[in-house]
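Novice: Chains as they are written, first to last, in the working numbering: chain A, 15 to 375; chain B, 15 to 375. Every residue, glycine too, gets a C-beta built ideally from N, C-alpha and C.
(1) Going along the segment 262-278 of chain A in order, which residues come within less than 9 Å of chain B, judged by CB to CB distance?
(2) Leaving out five residues on either side along the sequence, give the residues of the same chain with a beta carbon under 6 Å from the beta carbon of residue 161(B).
(3) Whose CA, out of 141(B), 144(B), 188(B), lies closest to the CA of residue 155(B)?
(4) Near residue 39(B), what residues of its chain come up, given a Cβ to Cβ distance below 6 Å and the 5 sequence neighbours on each side ignored?
(5) For residue 320(B) versus residue 336(B), is the C-beta distance shorter than 9 Å?
(6) Let me know the secondary structure DSSP gives residue 34(B) once reduced to three states.
(7) Show which residues of chain A have a CB atom less than 8 Å away from the CB atom of residue 333(B).
(8) Between which residues of its own chain and residue 76(B) is the CB-CB distance below 6 Å, once the five residues before and five after are set aside?
(9) Please list the partners that residue 316(B) has in chain A, where partner means a Cβ-to-Cβ separation under 8 Å.
(10) What residues in the segment 323-355 of chain B have a beta carbon less than 7 Å from any beta carbon of chain A?
(11) Per DSSP, which residues does residue 131(B) bridge with? Please list them.
(12) Using the C-alpha atoms, what's the distance from residue 244(B) back to residue 236(B)?
(13) So, is the C-beta of residue 364(A) closer than 9 Å to a C-beta in chain B?
(14) Using the beta-carbon count (16 or more within 10 Å), is residue 92(B) buried or exposed?
(15) Please list the segments of the beta strand (DSSP E) lying wholly inside the segment 253-298 of chain A, counting only runs of 3 or more residues, in order along the chain.
(16) State the start and end residues of the unbroken beta strand (DSSP E) segment that holds residue 339(B).
(17) I want to verify the contact list: residues of chain B whose CB lies under 9 Å from the CB of residue 225(A), in sequence order.
(18) Quick check for students: name the residue ranges of the beta strand (DSSP E) that lie wholly in the segment 195-255 of chain B, counting only runs of 3 or more.
(19) Determine the burial state of residue 373(B): buried for a count of at least 16 other Cβ atoms within 10 Å of its Cβ, exposed for fewer.
(20) In chain A, what lies closer than 9 Å to residue 375(B) by C-beta?
(21) At a Cβ threshold of 9 Å, is residue 170(A) touching chain B?
(22) If we define contact as Cβ-Cβ less than 9 Å, is residue 10(B) a contact residue for chain A?
(23) Step through the CB atoms of chain A and report whether any lies within less than 9 Å of the CB of residue 319(B).
(24) Counting only Cβ pairs nearer than 9 Å, list the residues of chain B close to residue 297(A).
(25) Quick one: give me the first and last residue of the alpha helix (DSSP H) that residue 72(B) is part of.
(26) Residues of the segment 82-97 of chain A with a CB closer than 7 Å to any CB of chain B: list them in chain order, please.
(27) With 9 Å set as the bound, which would you pick, yes or no: does the beta-carbon of residue 256(B) sit closer than that to a beta-carbon of chain A?
(28) Which residues does DSSP list as the beta-bridge partners of residue 85(A)?
(29) What span of residues does the beta strand (DSSP E) with residue 355(A) cover, start to end?
(30) Are residue 132(B) and residue 164(B) closer than 9 Å when you measure CB to CB?
(31) Using CA atoms only, rank isn't needed, just tell me which of 203(A), 146(A), 288(A), 210(A) is closest to residue 301(A).
(32) Per the DSSP calculation, residue 367(B) is bridged to which residue(s)?
(33) Mind listing the chain A neighbours of residue 167(B)? Cutoff is C-beta to C-beta under 8 Å, in chain order.
(34) Can you grab the Cα-Cα spacing for the pair residue 261(B) / residue 344(B), in whole Å?
(35) Would you call the segment 278-285 of chain B in contact with the segment 246-262 of chain B, where contact means no fewer than 3 C-beta pairs closer than 8 Å?
(36) Please name the residue in 100(B), 185(B), 102(B) whose C-alpha comes closest to that of residue 147(B).
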């Protein structure tokens with residue numbers, strides 16, 4: 015893997031207190047434009063998932079480049095984005111819980127809100143939640159086309175739930191939400207086509223088909239979708255590079271860590287552990303990539319310590335040196351930080367607030 | 015494992031918005047008293063590690079019950095605790111980085127501060143950092159007695175570094191910091207004894223021997239230590255129970271999650287994933303224990319989804335039901351939340367701020 019091109023080590027970041035998350039704004043802008051361009055070419059709407067960056071500023075940048083709206087995973091994220099003036103939001107999640115009713119109704123009153131659901135308990139709760147608003151809530155039926163997370167399992171189940179949703183006071187059945195396995199557009203299209211037929215028989219329109227996943231961007235337009243949700247694409251990470259969903263030059267976010275100890279030959283210790291980079295292996299057998307020392311292996315974490323095997327390294331970073339780490343999975347890393355650092359090509363930086371950090375409710 | 019005694023499901027927590035971290039204050043107080051009592055009996059100081067709870071209120075509760083001071087892992091944690099009036103703090107970490115100099119000096123001026131180090135680069139930086147304060151900084155030499163994290167490897171290396179520290183302007187060599195493997199008090203005591211002899215020859219006193227680790231509490235007083243640092247003991251977790259460092263009734267913290275989907279037979283989905291419970295397996299092969307459904311297995315996470323295999327369950331929690339999860343490793347879970355919920359026996363609750371959340375710097 016060639017990390018040379020497009021991922022120059024920023025000129026001077028020694029003013030940063032490590033551990034620090036450092037994001038190259040030029041790469042971010044290029045990534046946003048790439049996604050917009052893929053959606054434009056496919057003739058579909060771009061509805062980026064903000065769960066990756068959780069930042070109002072970056073969400074607004076995505077909208078500026080042409081996004082039709084945004085996607086949030088949790089009600090709390092949507093509240094933060096709506097409070098900042100973003101008024102077209104899809105929550106791609108079963109919103110459930112009596113405590114959430116008032117919050118959902120309040121949000122629904124203020125913006126153009128769409129949610130999804132995959133069962134009648136959630137549908138009934140949604141109906142109850144928005145009943146007092148006098149405004150119909152758009153609801154997508156979440157469909158499982160192979161990922162086996164949430165979602166109804168068959169077109170028959172999808173149309174049954176669609177009918178139920180449309181029957182419930184205050185709800186409007188708007189279409190389908192998919193999150194297909196990487197590259198599985200055929201199964202998705204078959205599911206959508208059959209559901210569309212069945213819905214037609216039932217007198218229901220499918221206005222929206224929302225699909226997603228950064229690895230699926232290469233197939234944008236082939237899922238029978240009307241809109242695309244991608245999250246990780248704004249930063250990318252080691253996982254996206256490993257499955258060819260991104261190139262090294264597309265990686266916008268690195269964790270900067272300081273070597274704080276070299277306790278024995280072949281091993282150094284970093285000031286970054288699971289409270290900085292998370293324990294998310296994302297399919298790898300180590301915890302992140304030291305891009306400037308590719309033979310090094312981040313083999314273990316304590317909460318605030320990274321254990322790095324440098325026995326195979328041609329050169330070993332010295333105590334005090336700051337190294338760059340490409341996270342395995344970028345989304346949960348960003349969620350650990352109240353602020354991250356945005357830099358431009360000159361290495362000049364400023365703080366970016368992670369506005370919706372920790373909004374799991 | 016009997017989860018019946020001492021871990022009653024709180025009477026009514028349906029007012030809580032899930033996912034929620036819920037802490038039983040009575041169990042916390044019992045856990046704090048137990049640690050204090052173990053240290054008192056061993057004739058050593060109790061210096062609880064606040065990295066687990068990161069809360070000023072809980073740190074002050076530990077001090078109220080007799081703790082001699084607190085331990086922090088990062089400078090940023092210590093700054094928060096000092097700002098709240100806590101004035102005796104050990105940072106059990108190699109504090110390194112030019113940007114940290116001014117912060118360290120400022121903290122050192124205000125409180126009774128002790129830090130540790132395991133190499134001369136860090137020692138020189140510490141000296142430089144505090145040089146302008148006109149006040150000597152207490153420094154412990156971190157010793158590796160078998161855990162292979164940070165620490166010098168031999169008593170000879172320890173005394174060499176001790177001499178170097180004492181020679182450096184502004185630093186005072188105060189003793190040793192240990193973090194022995196679970197139960198490994200013999201190796202620790204041998205290391206301390208030999209280092210003490212060598213230090214004696216060099217004219218250096220070892221005033222403090224700080225040891226730690228909740229699993230080592232059972233051996234408090236046997237490490238030749240003068241003080242003990244334990245973190246996890248305030249809440250305990252699945253890992254502590256599994257190694258007999260705690261009993262089920264000692265577990266004070268649970269994550270409450272809602273069942274949001276039952277997409278297929280044998281599988282339910284929770285509204286809590288890796289952004290709530292972290293991906294820290296801590297040696298288990300699943301991501302947490304549903305204490306009220308012990309046959310359920312939390313087998314996989316998405317960021318906001320928990321995948322639970324309920325195929326072996328006698329009864330299956332219904333969509334909308336709130337279940338309690340005992341985290342594998344409690345410390346990184348608390349670090350995801352700005353606030354958690356403190357409840358008393360009646361189930362009445364209030365919010366507790368996680369003041370030093372995310373302070374990795």
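Specialist: This is what the structure holds:
(1) Cβ contacts with chain B come from 272, 273, 274, 275, 276, 277, 278.
(2) Leaving aside the five residues that flank residue 161(B) on each side, the residues in its chain whose CB is nearer than 6 Å to its CB run, in chain order, 193, 195.
(3) 188(B)
(4) 356, 358
(5) no
(6) The three-state secondary structure of residue 34(B), taken from DSSP, is strand.
(7) 110, 133, 135, 136
(8) 46, 62
(9) 163
(10) 333, 334, 345, 346, 349, 350, 351, 352
(11) 155(B)
(12) 15 Å
(13) no
(14) buried
(15) Taking only runs of at least 3 residues, the beta strand (DSSP E) segments lying wholly in the segment 253-298 of chain A are 267-278, 281-284.
(16) Unbroken beta strand (DSSP E) run through residue 339(B): 336-340.
(17) Simply none; closest approach about 16 Å.
(18) 222-226, 241-243
(19) buried
(20) 31, 32, 33, 34, 285
(21) For residue 170(A), the answer is no, since every Cβ of chain B falls outside 9 Å of its Cβ.
(22) Given a span of 15 to 375 for chain B in the structure shown, any question on residue 10(B) remains unanswerable.
(23) yes
(24) Chain B residues near residue 297(A): none, gap ~12 Å exceeds 9 Å.
(25) 70-78
(26) 87, 88
(27) no
(28) 63(A), 104(A)
(29) 353-357
(30) yes
(31) The residue with the shortest Cα to Cα distance from residue 301(A) is 288(A).
(32) 353(B)
(33) 277, 278
(34) 15 Å
(35) Touching, no, given that fewer than three Cβ pairs across the two stretches are closer than 8 Å.
(36) 185(B)
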